[in-house]
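Take a look at the structure below.
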Amino acid sequence: MPELQKITIDTLIISDIHLGDRLTRCRKILEVLNNYSYQRLILNGDILNGLGFKRLHAEHWRILSKFRELSKDCQVVWIHGNHDAAAGILSHLLGITVHDKYFWQAAGKKFLAIHGHQFDRFIHNNIILSRLVFFCYGWLKRVNPNGHIVRLIKRRSHTWERNSFEVAKGALRQARAMAADYVFCGHTHIIDTAEDSGVKYFNTGSWVEKPSAYVVVAGHEAKLIQVD
Numbered sequence: 060m061p062e063l064q065k066i067t068i069d070t071l072i073i074s075d076i077h078l079g080d081r082l083t084r085c086r087k088i089l090e091v092l093n094n095y096s097y098q099r100l101i102l103n104g105d106i107l108n109g110l111g112f113k114r115l116h117a118e119h120w121r122i123l124s125k126f127r128e129l130s131k132d133c134q135v136v137w138i139h140g141n142h143d144a145a146a147g148i149l150s151h152l153l154g155i156t157v158h159d160k161y162f163w164q165a166a167g168k169k170f171l172a173i174h175g176h177q178f179d180r181f182i183h184n185n186i187i188l189s190r191l192v193f194f195c196y197g198w199l200k201r202v203n204p205n206g207h208i209v210r211l212i213k214r215r216s217h218t219w220e221r222n223s224f225e226v227a228k229g230a231l232r233q234a235r236a237m238a239a240d241y242v243f244c245g246h247t248h249i250i251d252t253a254e255d256s257g258v259k260y261f262n263t264g265s266w267v268e269k270p271s272a273y274v275v276v277a278g279h280e281a282k283l284i285q286v287d
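In case it helps, my numbering puts the sequence shown at residues 60 to 287.
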């Protein structure tokens with residue numbers, strides 16, 4: 060069977076794949092990585108699910124191997140997320156550099172990628188409570204893998220909604236300070252777009268829930284694409 064023609068873009072951006080979580084949508088992630096031809100891949104935080112290497116399954120290692128393979132022909136940028144405690148170790152093995160944020164210019168536009176936890180006041184002001192929330196969130200995903208309960212809680216939770224808004228607001232503020240035209244985040248696990256003062260904000264959600272999302276940048280435009 061002939062190989063499918065890949066779609067040529069400049070940059071592919073994904074976040075929050077949480078390798079080590081058994082609900083990570085590995086097959087779909089690999090499909091996205093293989094469907095495009097790109098010069099730059101941005102891993103926008105929470106690529107890992109903590110320090111537990113024992114939780115990495117064979118399919119998780121396949122994704123990490125794919126990153127290493129891609130790094131030979133394109134620029135792979137790993138943005139540090141709040142769950143990427145082992146990023147320094149793995150990035151060294153994969154030959155990938157880790158950044159707190161990443162800024163680049165192309166086709167007359169300026170782009171900023173930052174995970175987004177920097178703007179989440181809840182996790183900074185409520186360290187113990189935020190760990191408890193993360194534990195409960197993980198438990199809910201395990202008992203309800205189709206995600207109906209989690210999605211219902213997100214829709215009904217004012218705190219979750221407010222945190223998503225705060226991350227977007229903080230990211231847009233940072234982008235304006237850096238004169239960026241686009242800013243890309245993850246962290247909230249809520250797919251989102253916004254615009255303020257000419258700056259466009261994209262949040263790529265997560266790959267441990269449905270739907271998931273990623274961003275493609277081609278020329279001076281960025282597009283958010285959802286995956287059911």
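Note that beta-carbon positions come from the ideal geometry of N, C-alpha and C, so glycine has one too.
In DSSP terms, what residue i is bridged to
i	result
residue 280	277
residue 162	171
residue 266	In DSSP, residue 266 forms no bridge with anything.
residue 272	285
residue 78	107
residue 244	262
residue 226	According to DSSP, which records beta bridges pairwise, residue 226 is partnered with nothing at all.
residue 70	99, 276
Buried versus exposed call for residue i [16 or more other C-beta atoms within 10 Å across all chains shown]
i	result
residue 216	Below a pLDDT of 50, predicted positions are generally treated as unreliable, and residue 216, at 48, falls in that range; no measurement from the model is reported.
residue 120	exposed
residue 221	exposed
residue 63	exposed
residue 86	exposed
residue 164	exposed
residue 256	exposed
residue 269	buried
residue 110	exposed
residue 148	exposed
residue 93	exposed
residue 156	exposed
Cβ separation of residue i and residue j, assumed to be a contact under 8 Å, to the nearest whole Å
i	j	result
residue 122	residue 152	Wrong, their Cβ atoms sit about 14 Å apart, outside the cutoff.
residue 74	residue 174	7 Å
residue 244	residue 253	That belief does not hold up - the Cβ atoms of residue 244 and residue 253 are roughly 10 Å apart, past 8 Å.
residue 300	residue 246	Residue 300 is absent from the model: the chain starts at 60 and stops at 287.
residue 242	residue 260	5 Å
residue 101	residue 145	About 19 Å separates the two Cβ atoms, so there is no contact after all.
residue 238	residue 169	6 Å
Counting only runs that start and end within the segment 86-119, where is the beta strand (DSSP E) found for 3 or more residues in a row? 99-103
Is it the case that the segment 130-137 contacts the segment 266-286, given that we only count it when at least three CB pairs across the two stretches are under 8 Å? no
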